[in-house]
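First the structure, in the form of structure tokens, and then the observations on it.
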């Protein structure tokens, strides 16, 4: 990556382009370097994540949802009202959780709806991305988790 940056900078300078373009180019390339990476089962193993945002909106502290990964992509967590567990399968950064089991109490219409959305995303499959101690789960909705 460093060689590519140096080559591009040399081309800009040799073409007598404005030197002001160099910092903008470097910033753009650095942002690209910090982009998300492919998620592997090894990266997820023995991690715990606390839900932070849904579709860009901060969640109320009362939702307190989390997800964790243990050996062989066994998934467990708390969906805001009920505990859940299942067998995860990761294919090209797409996580699908099969055989989901969970407790079955009702915590009100809003929280029940939220739980259904989270569990639906896990069952239907969601793209995972990791960046800066965050796990992003993209399905019909975008769930952003922070490392515990």
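In full-length UniProt numbering, the protein residues as written are 1 to 148. Glycine is no exception: its CB is placed at the ideal position from the N, C-alpha and C atoms.
Top-ranked residue by Cα proximity to residue i, from the options
i, options, result
"residue 79", "118, 49, 52, 89", "118"
"residue 83", "102, 136, 89, 73", "102"
"residue 72", "55, 112, 86, 81", "86"
"residue 91", "41, 143, 144", "41"
"residue 76", "141, 37, 54, 96", "96"
Per DSSP, cross-strand counterpart(s) of residue i
i, result
"residue 144", "53, 136"
Buried or exposed (CB count within 10 angstroms, at least 16 for buried), residue i
i, result
"residue 57", "exposed"
"residue 108", "exposed"
"residue 121", "buried"
"residue 115", "buried"
Checklist entry - Mind pulling the beta strand (DSSP E) runs of 3 or more residues that sit fully within the UniProt domain "DUF306" (42-141)? => result 47-54, 66-70, 74-78, 83-91, 94-102, 126-131, 134-138
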